[in-house]
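Peer 1:
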Amino acid sequence: MNFDKELDARGLSCPLPILKTKKALNDLVSGQVLKVVATDPGSVKDMQAFANQTGNPLLSTAEENKDYVFFLKKK
Amino acid sequence: MENQPRKMAIIASKGTLDMAYPPLILATTAAALGYEVQIFFTFYGLQLLRRDLSHIKISPLANPAMPMPVPMPVMVSMLPGMESMATMMMKQKIKKHGVASLDELRSLCLEADVKLIACQMTIDLFEFDKSEFIDGIAYGGAATFLEFAGQADITLFI
Chain X
1 MNFDKELDAR
11 GLSCPLPILK
21 TKKALNDLVS
31 GQVLKVVATD
41 PGSVKDMQAF
51 ANQTGNPLLS
61 TAEENKDYVF
71 FLKKK
Chain P
1001 MENQPRKMAI
1011 IASKGTLDMA
1021 YPPLILATTA
1031 AALGYEVQIF
1041 FTFYGLQLLR
1051 RDLSHIKISP
1061 LANPAMPMPV
1071 PMPVMVSMLP
1081 GMESMATMMM
1091 KQKIKKHGVA
1101 SLDELRSLCL
1111 EADVKLIACQ
1121 MTIDLFEFDK
1131 SEFIDGIAYG
1141 GAATFLEFAG
1151 QADITLFI
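Encoded structure:
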């Protein structure tokens, strides 16, 4: 998937993946895509909740080796 | 269309290392999710507003739920140095597992426009000086808190 920015949130625990995602999204323009890589298993549900609550669609969630890879679109 | 932002009110009344986390984590996360958040710091919670947070500790004494590497009788927990050791071990764990430090969480609160309110009554009670606290906080009493909490969707006492 194409993305405009990547955020490395590996090694960070709740709530840092979400907080850093929010910050990273602030720098994007509407329609751009953010890729987030995290290792916190809790981030899977958190990203979904974040997407639902803030209206920034979560395009996909995947698990690659020990990492969780998310693609979010800025609304 | 955007509705009115939801509101969350928290009372932070504790000043130990373990109890410092819940208000700050919930506040920053809620702010990231679009909530308007206010934290009212009262009694020992005021310690969390000090400029230097390195003094925040955790005691193994009277904390039977604290996981210990070895069973710890109360008679040992009360010995000099045990509190510092428990605090140091906890801080190491926090760092090791990538959990944010209290300083970081508090900075994130301020960045996210979480309103931090210090209980004026507690300040008077313990004769604290405002210069001991960080900048950017408000001062108020119970009525101040209740006005906001009355409209809040989530209100928590920690």
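Protein sequence lines, in the order shown, are assigned to chains X and P.
With the numbering used here applied, the first sequence corresponds to residues 1 to 75, in that order.
With the numbering used here applied, the second sequence corresponds to residues 1001 to 1158, in that order.
We treat Cβ as the ideally placed atom computed from N, Cα and C, and that holds for glycine.
Please decide whether M57(X) counts as near chain P, where near means a Cβ-Cβ distance under 8 Å.
Peer 2: Sequence check: residue 57(X) is Pro here, not Met. No, P57(X) does not count as interfacial toward chain P.
Peer 1: Which residues, in chain order, does the segment 1087-1119 of chain P contribute to contact with chain X at a C-beta distance below 7 Å?
Peer 2: If the cut-off is 7 Å between Cβ atoms, the segment 1087-1119 of chain P has H1097, G1098, V1099, A1100, L1108 near chain X.
Peer 1: Taking M1068(P) as part of the beta strand (DSSP E), name the residues at either end of that continuous run.
Peer 2: No beta strand (DSSP E) contains M1068(P), which DSSP labels as neither H nor E.
Peer 1: G1045(P) by DSSP, collapsed to three states: which one?
Peer 2: If DSSP states are grouped into helix, strand and coil, G1045(P) belongs with the helices.
Peer 1: For P1064(P) and L12(X), what's the separation of their Cα atoms in angstroms?
Peer 2: Each residue's Cα considered, the two are about 28 Å apart.
Peer 1: By Cβ distance, which residues of its chain are closer than 8 Å to I1117(P), with the 5 residues on each side in sequence left out?
Peer 2: These residues qualify, in order along the chain: Q1038, I1039, F1040, F1041, I1137, A1138, Y1139, G1140, T1144, F1145.
Peer 1: What whole-angstrom Cβ distance do I18(X) and A1086(P) have, given they're in contact under 8 Å?
Peer 2: I18(X) to A1086(P), Cβ: 29 Å. No contact.
Peer 1: Just to confirm my understanding: we take M1078(P), look at its own chain, exclude 5 residues before and 5 after, and list those with CB closer than 8 Å. What are they?
Peer 2: L1061, listed in sequence order.
Peer 1: Run the CB neighbour count on D46(X), radius 10 Å, all protein chains shown included, and call it buried at 16 or more, exposed below.
Peer 2: Classification of D46(X): buried, given that the 10 Å Cβ count is 16 or more.
Peer 1: Comparing the C-beta of A1009(P) with each C-beta of chain X, is any distance below 8 Å?
Peer 2: Chain X, which has no Cβ nearer than 8 Å to the Cβ of A1009(P), makes this no.
Peer 1: If we call anything under 8 Å between Cβ atoms a contact, is L1026(P) one with I1010(P)?
Peer 2: Yes, these two residues count as a Cβ contact at 8 Å.
Peer 1: Check this for me: beta carbons of I1134(P) and L1024(P), under 8 Å apart or not?
Peer 2: The answer is no: Cβ separation not under 8 Å.
Peer 1: Helix, strand or coil for K1038(P) per DSSP?
Peer 2: Note on residue identity: the sequence assigns Gln, not Lys, to residue 1038(P). It is a strand residue.
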